[in-house]
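What follows is a short report on a single structure.
Residue numbers (the numbering used here): 4 to 324.
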């Protein structure tokens with residue numbers, strides 16, 4: 004492992020603000036709900052809320068060459084009169100959760116579901132603090148306001164999303180001065196170059212990461228499988244159905260942490276979006292149900308599990324550094 008060291012100032016600020024936002028939300032929820040939820044449950048709710056919000060912002064801010072985003076024109080005003088953006092909706096908790104229900108119904112999959120007890124625990128004040136983070140106009144490290152947004156969500160590299168959640172899992176509240184450890188991209192690239200070079204003929208393949216965490220190896224494997232398919236079909240435009248097929252037939256992961264599995268699913272579905280035009284995402288895409296089909300919350304060394312039913316061509320993951 005190596006220390007998380009991103010030189011880009013924008014990414015550093017985003018990660019810093021996200022870490023502080025996570026800690027603030029968890030601390031406030033614990034203070035307001037001392038007996039009604041466990042710390043792991045509260046952490047799952049906060050991670051779900053943040054992940055859902057990052058995905059909505061990505062879908063909202065990603066534009067095609069004509070300036071069209073994923074959502075139809077006037078989409079947010081359906082939930083709150085005059086709302087132009089997701090951030091506008093966060094001023095109305097009822098409208099916000101109506102949006103979440105609509106997105107879950109539209110996209111299916113397993114990345115939008117509202118957690119048990121979430122609506123009992125999350126308050127309007129929590130959403131307003133979340134709004135301040137998403138607006139990007141405050142450096143939470145020193146609570147200083149800026150004249151322009153410190154970051155946007157349309158240009159966040161997909162790999163960074165996995166690293167954000169690696170930070171969530173490996174960061175301990177009492178280790179804030181020790182830094183965050185994660186799987187560095189150059190290590191992922193080094194290993195993947197050996198088994199899945201970009202410019203190679205596409206062949207059907209099954210890949211397993213037996214300790215997948217938030218999916219950093221699986222995301223890169225999926226990107227390269229897509230790249231190989233495009234390399235082998237230069238005259239064809241990849242469709243949403245083909246992207247789903249490549250994902251569900253090729254990518255498999257196991258991890259003891261159920262929360263990690265949910266985030267790996269999030270990362271893979273976000274990767275899928277990166278290969279589609281914004282309007283196509285809304286018009287055609289339904290996210291596959293990856294949990295228990297491709298991503299298994301289990302102990303890899305226990306026999307008799309459903310992932311044992313498959314035969315894998317490649318097993319890859321983080322070496323025991």
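For every residue, glycine included, the Cβ atom is placed at its ideal position computed from N, Cα and C. Quick caveat: nothing in here was measured; it's all calculated off a predicted structure.
> Sorted by chain position, which residues of the same chain lie with C-beta nearer than 7 angstroms to residue 5's C-beta, five sequence neighbours on each side aside?
Replying inline: In the chain shown, the residue the question calls residue 5 occupies position 2. Per-residue confidence for residue 5 stands at a pLDDT of 42, beneath the threshold of 50, marking its modelled position as unreliable; the derived number appears in the next sentence. Here the set comprises 187.
> So which of 305, 257, 17, 315 has the shortest CA-CA distance to residue 293?
Replying inline: For the purposes of this step, residue 293 is taken as residue 290 along the chain shown, with counting starting at 1. Ranked by how close their Cα comes to the Cα of residue 293, the residues 305, 257, 17, 315 have 257 in first place.
>> Within a Cβ cutoff of 6 angstroms, which residues of the same chain sit near residue 198, ignoring the five residues on either side of it in sequence?
In response: Locating residue 198 in the chain shown gives position 195, where the first residue counts as 1. If we look at residue 198 and ignore the five residues flanking it on each side, its Cβ neighbours are 317.
> Apart from the five residues just before and just after residue 245, which ones in its own chain have a Cβ nearer than 6 angstroms to its Cβ?
Replying inline: As a first step, residue 245 is located in the chain shown; it is residue number 242 there, counting from the start. If we look at residue 245 and ignore the five residues flanking it on each side, it has no Cβ neighbours.
> Could you give the C-beta distance for residue 121 and residue 115, rounded to a whole number, given that I count them as a contact under 8 angstroms?
Replying inline: Along the chain shown, read from residue 1 onward, the residue named residue 121 stands at position 118. Along the chain shown, read from residue 1 onward, the residue named residue 115 stands at position 112. At roughly 12 angstroms, the Cβ-Cβ gap does not stay under 8 angstroms, so residue 121 and residue 115 are not in contact.
> Would DSSP call residue 139 helix, strand or coil?
Replying inline: The residue you call residue 139 lines up with position 136 of the chain shown. The answer is coil: DSSP assigns residue 139 none of H, G, I, E or B.
> Given that a residue counts as buried once 16 or more other Cβ atoms are within 10 Å of its Cβ, and exposed if not, what is residue 311?
Replying inline: Numbered from its first residue, the chain shown carries residue 311 at position 308. Classification for residue 311: exposed.
> Do you know offhand how far residue 42's Cα is from residue 49's?
Replying inline: Stepping through the chain shown from its first residue, residue 42 is reached at position 39. Stepping through the chain shown from its first residue, residue 49 is reached at position 46. If you draw a straight line from the Cα of residue 42 to the Cα of residue 49, it is about 10 angstroms long.
> DSSP three-state call for residue 257: helix, strand or coil?
Replying inline: Counted from its first residue, the chain shown places residue 257 at position 254. If DSSP states are grouped into helix, strand and coil, residue 257 belongs with the strands.
> Which residues in the same chain as residue 302 place their Cβ atom closer than 7 angstroms to its Cβ, once the five residues preceding and following it in sequence are excluded?
Replying inline: Your numbering for residue 302 matches position 299 in the chain shown. Closer than 7 angstroms at the Cβ level, and outside the excluded window around residue 302, lie 259.
>> Residues in the same chain with beta-carbon distance under 8 angstroms from residue 91, minus the five sequence neighbours each way, listed in chain order, please.
In response: In the chain shown, residue 91 corresponds to position 88, counting from 1. Excluding positions up to five away in sequence, the list reads 79, 83, 85.
> Can you tell me whether residue 235 is buried or exposed, with buried defined as 16 or more other CB within 10 angstroms of its CB?
Replying inline: Walking along the chain shown from the start, residue 235 turns up at place 232. It is exposed - the Cβ of residue 235 has fewer than 16 other Cβ atoms within 10 Å.
>> By the three-class DSSP mapping on this structure, what secondary structure does residue 288 have?
In response: Taking the chain shown and counting its residues from 1, the one referred to as residue 288 is at position 285. The answer is coil: DSSP assigns residue 288 none of H, G, I, E or B.
>> Just to confirm, is the Cβ distance from residue 320 to residue 220 under 7 angstroms?
In response: Within the chain shown, numbered from 1, the residue matching residue 320 stands at position 317. Within the chain shown, numbered from 1, the residue matching residue 220 stands at position 217. If you check the CB distance, residue 320 and residue 220 come in under 7 angstroms.
> To which residues of the same chain is residue 20 closer than 6 angstroms at the C-beta, ignoring the five residues directly before and after it?
Replying inline: Locating residue 20 in the chain shown gives position 17, where the first residue counts as 1. Hits under 6 angstroms: 136, 143.
> Do residue 32 and residue 45 have their C-beta atoms closer together than 7 angstroms?
Replying inline: Sequence index remark: in the chain shown, residue 32 carries index 29 (1-based). Sequence index remark: in the chain shown, residue 45 carries index 42 (1-based). Closer than 7 angstroms, so yes.
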